[in-house]
Amino acid sequence: MPRLLTVILNWRTPDMTLRACEATLREMAGLEGAITIVDNASGDGSFEAMQAGVTARGWDSGAVPVRVLQSGCNGGFGAGNNFGIRAGLPGGARPDYVYILNSDAFPDPGAIRALLDHLETHPATGFAGSYIHGDDGAPHRTAFRFPTLWSELEGAARFGPISRLLRRHIVAQPIPQVSTRVDWLAGASLMMRQDVLDRIGLFDETFFLYFEETDLCLRAARAGWPTDYVRGSEVTHIGSVSTGMKTWARIPQFWLDSRRHYFTKNHGHIYAAAATLAHVAGGVLWRLRLLVQRKDRGDPPHFLRDLIVHSLRRVGRRDPGQPRIGKDVRPAE
């Protein structure tokens, strides 16, 4: 039987994380493996509360043991998950598969086994992810194409004729109705072969938030390991509980850093600059339409200006995307 390690990353949501763990335990019944909860240096008592909760429920000594680890540093989504992956299974055993689950995501019946069965029966597939829906049942778009210069133009312009012309470059794909191959999937519910991670490495920790799973799936694809969207695996996801993304008043620096790092790392500095120019061109077109049609802006305030200023600024001495230690920034959810 394949061995499965599930990693759940917590940032100041201990009660919800324990709920996610409870749903995961139910779905891992009969499987061989363990669950690791990583507290990403929440500093609010989350670590102690989750340790006490796991012990009180007897999860630490169950058939699928649960342990709570402290990362010791809020290095972001990728770094926190890497901490749990590197810890391996209890006793140091190596898992065959790693499953990462957001702390505000709850596997529906059969969700985890469906991903595991898919990877077992499709040996050429590297990663597999779930159909995600909200707690209201509304489906979430989580199947994507890799970002390109042209997708930056299309996404910023939001103009029908441009979108039709560049339809093959639109990042957010229509929600698949059957299992299918995709470029990348949101990391809310993603299962990965350990063999693939051994070959390509774990999450790039230069990304603090966002683009880290995009980069990981791209590296896997370039190494010959594609990603599949598994329709039969359904997961309920609340979304943005830790990041507060839905209420951003301004685009955060870490998002801009991650975007720039993704394009620079994978396509070079010239391409990254061209992608920003394409986004600015599309954004200007969109804002001209706003003046005429009185449409909602759709972006956080000052987004386009912040993007331009960020792109013109010289890269500092530290790596882009790497936050200063101790800075109170939330890990991605």
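Residue numbers for the sequence shown, in the working numbering: 1019 to 1351. Glycine included, C-beta positions come from ideal geometry on N, C-alpha and C. Computed from a predicted structure; not experimentally measured.
Are the region 1079-1086 and the region 1045-1064 touching by the rule of at least three beta carbon pairs closer than 8 Å? yes
Can you find a heavy atom of the ligand COA that lies under 7 Å from the Cβ of Gln-1069? No copy of the ligand COA appears in this structure; indeed no ligand is present at all.
Expected contact under 8 Å - CB spacing of Asp-1233 and Phe-1225 to nearest Å: 7 Å
Enumerate in chain order the residues of its own chain whose CB-to-CB distance from Arg-1335 is below 8 Å, with the five nearest sequence positions on each side excluded. Model confidence at Arg-1335 stands at a pLDDT of 43, short of 50, so the residue's coordinates are unreliable; what they give is reported in the following sentence. Around Arg-1335: no qualifying Cβ.
Closest Cα partner of Thr-1198 within the set Val-1025, Gly-1147 and Lys-1283: Gly-1147
What residue range is occupied by the uninterrupted alpha helix (DSSP H) comprising Phe-1051? The sequence given here has Gly at residue 1051, not Phe. It is not in any alpha helix (DSSP H) - Gly-1051 instead sits in the beta strand (DSSP E) that spans 1050-1057.
Here's the rule: buried if 16 or more other CB atoms are within 10 angstroms of the residue's CB, otherwise exposed. What is Glu-1138? exposed
How far does the beta strand (DSSP E) with Asn-1120 in it extend, from its first residue to its last? 1115-1120
Determine the DSSP secondary structure at Phe-1164, reduced to helix, strand or coil. Coil.
Any idea if Asp-1062 is buried or exposed, counting beta-carbon neighbours within 10 angstroms, 16 or more meaning buried? exposed
Beta-carbon gap between Ala-1132 and Gly-1301 smaller than 8 Å: Gly-1301 is positioned such that its CB atom lies no closer than 8 Å to that of Ala-1132.
Quick check: the Cα distance between Ala-1267 and Ala-1047, rounded to an integer number of angstroms? 42 Å
Bridge partners for Ala-1123 per DSSP, in chain order? In the DSSP assignment, Ala-1123 is bridged to His-1255.
Please state whether the Cβ-Cβ distance between Gly-1096 and Glu-1230 is less than 8 Å. yes
Per DSSP, cross-strand counterpart(s) of Tyr-1280: According to DSSP, Tyr-1280 bridges with nothing at all.
Around the Cβ of Ser-1079, are there at least 16 other Cβ atoms within 10 angstroms (buried) or fewer (exposed)? Ser-1079 comes out exposed.
Tell me, which residues are paired with Asp-1246 by DSSP? Ala-1146 and Arg-1199
C-alpha gap between Gly-1128 and Gln-1069, whole angstroms: 27 Å
Cα separation between Ile-1326 and Glu-1172? 17 Å
Tell me, which residues are paired with Thr-1024 by DSSP? Ile-1053 and Tyr-1117
Please report the straight-line C-alpha distance between Met-1034 and His-1297, rounded to a whole angstrom. 37 Å
For Gln-1088, which residues does DSSP report across the bridge? Asp-1057
Which of the three DSSP states, helix, strand or coil, is assigned to Pro-1141? coil
Just list the residues that DSSP pairs Leu-1208 with in beta bridges. Ile-1118 and Gly-1147
For Pro-1157, which residues does DSSP report across the bridge? His-1151
Rounded to a whole number of angstroms, what is the C-alpha to C-alpha distance between Thr-1245 and Val-1200? 6 Å
DSSP on Ser-1190, reduced to helix/strand/coil? The identity of residue 1190 in the sequence shown is Ala, whereas the question assumes Ser. Taken through DSSP and simplified to helix, strand or coil, Ala-1190 comes out as strand.
Cα-Cα, which of Gly-1076, Ala-1081, Gly-1242 and Ala-1105 is closest to Ile-1026? Ala-1105
Assuming Leu-1022 and Tyr-1117 form a contact by the criterion Cβ under 8 Å, report the distance between their Cβ atoms to the nearest whole angstrom. 6 Å
Is it buried or exposed, Ile-1269, if we count other Cβ atoms within 10 angstroms and call 16 or more buried? Classified as buried, Ile-1269 has 16 or more neighbouring CB atoms from the shown chains inside 10 Å of its CB.
Just checking my contact of His-1255 with Ala-1206 at CB under 8 Å: how many whole Å lie between their CB atoms? Rounded, the Cβ-Cβ distance is 5 Å, consistent with contact.
Reducing DSSP to helix, strand and coil, say where Leu-1303 ends up. helix
Ala-1293 vs Leu-1167 beta-carbon contact at 8 Å: yes
Reduced DSSP category for Val-1082 - H, G, I as helix; E, B as strand; rest coil: coil
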